[in-house]
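S.K.: Take the position in the sequence shown, starting the count at 1, then add 7; the result is the number in the working numbering. Can you read through this structure? Questions will come right after.
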Amino acid sequence: MTTYREVFERSVEQPEEFWLEAAQGIDWVTPPTRALDESRPPIYRWFPDGELNTCYNAVDRHVEAGRGDQVAIRYDSPVTRTQRDITYGELLERVSGFAGALADAGIGHGDRVLLYMPMIPEAMVAMLACARIGATHSVVFGGFAPAELAARIDDCEPKAVVTTSGGVEPKRRVEYIPAVEEALKLAEHPVGTVFVTARTGFETSVAEAASRAQGSPTRWLDWDEAVHEADPAECTTVRATDPLYILYTSGTTGSPKGVVRDNGSHAVALRWSMQKIYDVGPGEVMFTASDVGWVVGHSYIVYAPLLTGATTVLYEGKPIGTPDAGAFWRVVEESGAKVLFTAPTAIRAIRKADPSGELAADYDLSSLETLFVAGERLDPDTYQWAGELLGVPVVDNWWQTETGWPIAANPRGLEPLPIKSGSPSVPVPGYNVAVLDPSGDPVEAGAEGNIALKLPLPPGTLPTLWGDDDRFISSYLTAFDGYYATGDSGYLDEDGYVFVMGRTDDVINVSGHRLSTGAMEQVLGSHPAVAECAVIGVADPLKGQRPSGYVVLKQGESITEDELATELVGMVRSRIGAVADFKEVRVVEGLPKTRSGKILRKTMRQIADREDYKVPSTIEDMAVLDNLRDVLTCESS
Numbered sequence: 008m009t010t011y012r013e014v015f016e017r018s019v020e021q022p023e024e025f026w027l028e029a030a031q032g033i034d035w036v037t038p039p040t041r042a043l044d045e046s047r048p049p050i051y052r053w054f055p056d057g058e059l060n061t062c063y064n065a066v067d068r069h070v071e072a073g074r075g076d077q078v079a080i081r082y083d084s085p086v087t088r089t090q091r092d093i094t095y096g097e098l099l100e101r102v103s104g105f106a107g108a109l110a111d112a113g114i115g116h117g118d119r120v121l122l123y124m125p126m127i128p129e130a131m132v133a134m135l136a137c138a139r140i141g142a143t144h145s146v147v148f149g150g151f152a153p154a155e156l157a158a159r160i161d162d163c164e165p166k167a168v169v170t171t172s173g174g175v176e177p178k179r180r181v182e183y184i185p186a187v188e189e190a191l192k193l194a195e196h197p198v199g200t201v202f203v204t205a206r207t208g209f210e211t212s213v214a215e216a217a218s219r220a221q222g223s224p225t226r227w228l229d230w231d232e233a234v235h236e237a238d239p240a241e242c243t244t245v246r247a248t249d250p251l252y253i254l255y256t257s258g259t260t261g262s263p264k265g266v267v268r269d270n271g272s273h274a275v276a277l278r279w280s281m282q283k284i285y286d287v288g289p290g291e292v293m294f295t296a297s298d299v300g301w302v303v304g305h306s307y308i309v310y311a312p313l314l315t316g317a318t319t320v321l322y323e324g325k326p327i328g329t330p331d332a333g334a335f336w337r338v339v340e341e342s343g344a345k346v347l348f349t350a351p352t353a354i355r356a357i358r359k360a361d362p363s364g365e366l367a368a369d370y371d372l373s374s375l376e377t378l379f380v381a382g383e384r385l386d387p388d389t390y391q392w393a394g395e396l397l398g399v400p401v402v403d404n405w406w407q408t409e410t411g412w413p414i415a416a417n418p419r420g421l422e423p424l425p426i427k428s429g430s431p432s433v434p435v436p437g438y439n440v441a442v443l444d445p446s447g448d449p450v451e452a453g454a455e456g457n458i459a460l461k462l463p464l465p466p467g468t469l470p471t472l473w474g475d476d477d478r479f480i481s482s483y484l485t486a487f488d489g490y491y492a493t494g495d496s497g498y499l500d501e502d503g504y505v506f507v508m509g510r511t512d513d514v515i516n517v518s519g520h521r522l523s524t525g526a527m528e529q530v531l532g533s534h535p536a537v538a539e540c541a542v543i544g545v546a547d548p549l550k551g552q553r554p555s556g557y558v559v560l561k562q563g564e565s566i567t568e569d570e571l572a573t574e575l576v577g578m579v580r581s582r583i584g585a586v587a588d589f590k591e592v593r594v595v596e597g598l599p600k601t602r603s604g605k606i607l608r609k610t611m612r613q614i615a616d617r618e619d620y621k622v623p624s625t626i627e628d629m630a631v632l633d634n635l636r637d638v639l640t641c642e643s644s
């Protein structure tokens, strides 16, 4: 068996040979003869002479191979009490039908389509239909504010918007059609067609929207009627370097920052990752508890499982409250999932609601072989709790919207390596990871610095930003010559394991000492009463910055804030030292997060320092930040 180290070294020393070999996992119309195009550094392109169709690889080829009756999508919606299986054969019929409707609306190769959808099968169908005809899709989280939706319309200039009646939350329904109508009024770019798939229980219908739109340049069409009137569309051959999708990053200020993903290298990288990292093969079940509006949803709900011929679970619900903290365990049992992939914040929410994990005992979890997590750093306490509860490896993997697939992970399908608490394990083959000091020089093993990726980045990563090569270069490629700057700080240990301690702006300077807030959070999170926590650096006129901690208690905990603060301050002093000068702890009801689970530490710090700030449009619950604002403001007094 080839070892991880052998594969990794080959990937960075012989990338041409390595990735051409990996490309054989994809069906090509014109197979590539070259892997890397280096003609325009620092912008690189993969498989420049290859031609293919991503939808064909995700759907058609499995049907042609005789596996049309296998389940492709298992739709599980506790919020609507709906469960439905869609086979590859049925998926092909649905995708080709909606692709025909798009084509009838004048949409084709190179055009853009914006999707504003919740977690319903039509969202996946629309993504694949765009890929089928060579159009570029851009998925926006369902429920985004109209102004944010308008900004994305103006940036990618879509010919069509695809939406639905609304989204269903545990305690409310969110109307989408009025939001789209408002966004179209705010946007400068005219959209030709809006497709609406109807859901019951919502106030506004597509007919009402169409009536209000009379005299405007926009037609409103019912999804089912448009499909009925169209002929199914066949696959359009595209270049490997043609864009498959645009995904806007969270926390963007000013104009949106659209990450581009191309067709060829994306398909190759995701197919390779499913086999080598996640150890999921054809016919096996992957349950990724994410959202198609986030990169994890794009990669590991939609494309990677379908490119592999696996069964993917499309879950419209929450880790708790739909109906309880046993929701994920129910889905694992009923779907027979081999892999569960979610965010650490979801596991922490489950632990907060069910600290002893009693609900897991109600379900048969024997199919589950691995729990993968990404999105936030996996703290050791959550890692240990989940591992003991489930009895399977808990594998952290670290990556970004920009990379599209893991930078560091434990290659379970290649050579499962020992897991180290607090680390996402090792650099994935193709990613040449370095830790640099501020001057761009590598630091020694164990020393913290800026995590960077040596260029060229591997296939599947962003080749540029939508319509703006200069912004791509200035945003990512100028900090360190010859490297992509991840914006994260951390270190590589003597075994080559990656430890990510947080964003570089989460490293604070206390009386001249550079300290990681991530390391302090690791200490706070190990307290038995703490469900989750955040540490920020608050401006201090004497020391530059001082650390301030905010903690959420587990359900049922009765410890007082003063008692907890005394214990936590003592733990930080013991494990990090008096140099941390950690003295402030506040118990709060919740921490503000994006919908992908990232805690808004930068926004918290800006509020505490009384700076101007912009709340990211991806915030999950604005009320949580509103409730915390007075506490944060007091910290700087």
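In this text, a Cβ means the ideal position worked out from N, Cα and C, and glycines have one as well.
#1: Please classify S18 as buried or exposed, where buried requires at least 16 neighbouring CB atoms within 10 angstroms.
#2: Please report the distance separating the alpha-carbon of K264 from that of T256.
#3: What's the gap between the Cα of E627 and the Cα of E189?
#4: So, is T207 buried or exposed, given that buried needs 16 or more other C-beta atoms within 10 angstroms?
#5: Rounding to the nearest angstrom, what Cα-Cα distance links D369 and P250 in this structure?
#6: Mind the definition here: the region 338–352 touches the region 602–609 only if three or more C-beta pairs lie below 8 Å; say whether that holds.
#7: Given the structure, does D619 come close to the ligand HEM, in the sense that its CB is under 8 Å from one of the ligand's heavy atoms?
#8: For T260, is the classification buried or exposed, using 16 other Cβ atoms within 10 angstroms of its Cβ as the cut-off for buried?
#9: Who are the near neighbours of G150 in its chain, counting only those whose CB is closer than 7 Å to its CB and skipping five residues on each side?
#10: From which residue to which residue does the beta strand (DSSP E) around E45 run?
#11: Taking DSSP's pairing of strands, which residues face V646 in a bridge?
#12: Any idea which residues DSSP pairs K192 with across the strands?
#13: In terms of residue numbering, what span does the alpha helix (DSSP H) encompassing N270 cover?
#14: Residues in its own chain within less than 7 Å of Y63 by CB, not counting five upstream and five downstream?
#15: Measuring straight from C-alpha to C-alpha, what distance separates G258 and K609?
#16: R91 to M293, Cα distance in whole Å?
#17: Can you list, in chain order, the stretches of the beta strand (DSSP E) that have 3 or more residues and sit fully within the region 442–469?
#18: So, do the region 124–141 and the region 52–67 have three or more beta carbon pairs nearer to each other than 8 Å?
#19: What residue ranges within the region 77–127 form continuous alpha helix (DSSP H) runs of no fewer than 4 residues, ordered along the chain?
#20: Are the beta-carbon atoms of T170 and P197 separated by less than 9 Å?
#21: For the putative contact between V339 and S374, defined by C-beta atoms under 8 Å, what is the C-beta separation to the nearest angstrom?
#22: What's the C-alpha gap between A240 and P125?
#23: Beta-carbon within less than 6 Å of M629's beta-carbon, same chain only, minus the 5 sequence neighbours each way: which residues are those?
#24: At what residues does the beta strand (DSSP E) containing V346 begin and finish?
#25: Do the region 464–474 and the region 386–404 make contact, defined as three or more Cβ pairs closer than 8 Å?
#26: Kindly provide the ranges of any alpha helix (DSSP H) runs that are 4 or more residues long and lie completely inside the region 377–419, ordered along the chain.
#27: Using only alpha-carbon positions, find the residue among E28, R419 and G75 that is nearest to N404.
#28: Hey, out of V442, D388, T211 and R268, whose CA is closest to A452's CA?
#29: Kindly indicate which residue of F202, A42 and K166 has the alpha-carbon position closest to the one of Q21.
#30: So what does A492 bridge to, in DSSP terms?
#31: With burial defined as no fewer than 16 other Cβ atoms inside 10 Å of the residue's Cβ, what is the status of G525: buried or exposed?
#32: Within 10 Å of its beta-carbon, does R12 have 16 or more other beta-carbons around it, so buried, or fewer, so exposed?
#33: Which same chain residues end up closer than 7 Å to P49 when comparing Cβ atoms and leaving out the 5 residues on each side of it in sequence?
#34: Measuring CB to CB, does D506 end up less than 9 Å from S430?
#35: Thinking C-beta only, is T318 closer than 9 Å to E291?
M.R.: So, from the data block:
#1: In the sequence shown, residue 18 corresponds to position 11, counting from 1. Answer is buried; the Cβ neighbour count reaches 16.
#2: Counting from 1 along the sequence shown, the entry for residue 264 is found at position 257. Counting from 1 along the sequence shown, the entry for residue 256 is found at position 249. Between K264 and T256, the C-alpha separation is close to 6 Å.
#3: Residue mapping note: residue 627 aligns to position 620 of the sequence shown, counting from 1. Residue mapping note: residue 189 aligns to position 182 of the sequence shown, counting from 1. C-alpha separation (whole angstroms): 21 Å.
#4: Here residue 207 refers to the residue found at position 200 of the sequence shown. Exposed.
#5: Taking the sequence shown and counting its residues from 1, one reaches residue 369 at position 362. Taking the sequence shown and counting its residues from 1, one reaches residue 250 at position 243. Approximately 45 Å between the Cα atoms of the pair.
#6: yes
#7: This structure does not include the ligand HEM; it has no bound ligands of any sort.
#8: Walking along the sequence shown from the start, residue 260 turns up at place 253. Low confidence applies to T260: its pLDDT is 45, below 50, so where it sits in the model is not reliable, and the reading given next is rough at best. Exposed: under 16 other Cβ atoms inside 10 Å.
#9: The residue given as residue 150 occupies position 143 in the sequence shown. Annotation for G150: G174 and V181 place their beta carbon closer than 7 Å to its own, counting only its chain and skipping 5 residues before and after.
#10: Counting from 1 along the sequence shown, the entry for residue 45 is found at position 38. Its beta strand (DSSP E) spans residues L43 to R47.
#11: This structure leaves residue 646 out entirely; the chain is present only between 8 and 644.
#12: Stepping through the sequence shown from its first residue, residue 192 is reached at position 185. According to DSSP, which records beta bridges pairwise, K192 is partnered with nothing at all.
#13: Counting from one through the sequence shown, the residue named residue 270 turns up at place 263. N270 to K283 is the span of the alpha helix (DSSP H), which, as asked, contains N270.
#14: Locating residue 63 in the sequence shown gives position 56, where the first residue counts as 1. Leaving aside the five residues that flank Y63 on each side, the residues in its chain whose CB is nearer than 7 Å to its CB run, in chain order, D34 and C242.
#15: What you label residue 258 is simply residue 251 of the sequence shown in a count that begins at 1. What you label residue 609 is simply residue 602 of the sequence shown in a count that begins at 1. Here the model assigns G258 a pLDDT of 41, short of 50, so the residue's position is not dependable, and the following value carries that caveat. Using only the alpha carbons, I get a separation of about 10 Å.
#16: Here residue 91 refers to the residue found at position 84 of the sequence shown. Here residue 293 refers to the residue found at position 286 of the sequence shown. Approximately 16 Å between the Cα atoms of the pair.
#17: 456–461
#18: yes
#19: 95–111
#20: Translated into the one-based positions of the sequence shown, residue 170 becomes position 163. Translated into the one-based positions of the sequence shown, residue 197 becomes position 190. No, Cβ-Cβ distance for T170 and P197 is not below 9 Å.
#21: Taking the first residue of the sequence shown as position 1, residue 339 is located at position 332. Taking the first residue of the sequence shown as position 1, residue 374 is located at position 367. Indeed they touch by this definition, with Cβ atoms about 7 Å apart.
#22: Indexing the sequence shown from 1 puts residue 240 at position 233. Indexing the sequence shown from 1 puts residue 125 at position 118. Looking at the two C-alpha atoms, the distance is approximately 25 Å.
#23: Residue 629 sits at position 622 when you count from the first residue of the sequence shown. Within the same chain, M629 has no close Cβ partners at all.
#24: Counting from one through the sequence shown, the residue named residue 346 turns up at place 339. Run containing V346: V346 to T349, per the beta strand (DSSP E) assignment.
#25: no
#26: Complete alpha helix (DSSP H) runs here, min 4: 387–397.
#27: Start at 1 with the first residue of the sequence shown, and residue 404 comes out as number 397. Checked all of E28, R419 and G75; the closest Cα to N404 is R419.
#28: Taking the first residue of the sequence shown as position 1, residue 452 is located at position 445. Among V442, D388, T211 and R268, the Cα nearest to that of A452 belongs to V442.
#29: The residue given as residue 21 occupies position 14 in the sequence shown. With distances taken between Cα atoms, Q21 lies closest to A42.
#30: For the purposes of this step, residue 492 is taken as the residue at position 485 of the sequence shown. For A492, DSSP records a beta bridge to A459.
#31: Residue mapping note: residue 525 aligns to position 518 of the sequence shown, counting from 1. By the Cβ-count criterion, G525 is buried, with 16 or more other Cβ atoms from all chains shown falling within 10 Å of its own Cβ.
#32: As a working note, residue 12 is residue 5 in the sequence shown. Looking at its Cβ environment, which holds fewer than 16 other Cβ atoms inside 10 Å, R12 is exposed.
#33: Counted from its first residue, the sequence shown places residue 49 at position 42. Cβ within range, chain order: L462, I480 and L484.
#34: By one-based count along the sequence shown, residue 506 stands at place 499. By one-based count along the sequence shown, residue 430 stands at place 423. Contrary to the premise, residue 506 reads as Phe rather than Asp in this sequence. Yes, the Cβ-Cβ distance between F506 and S430 is below 9 Å.
#35: Counting from 1 along the sequence shown, the entry for residue 291 is found at position 284. Counting from 1 along the sequence shown, the entry for residue 318 is found at position 311. Contact: yes.
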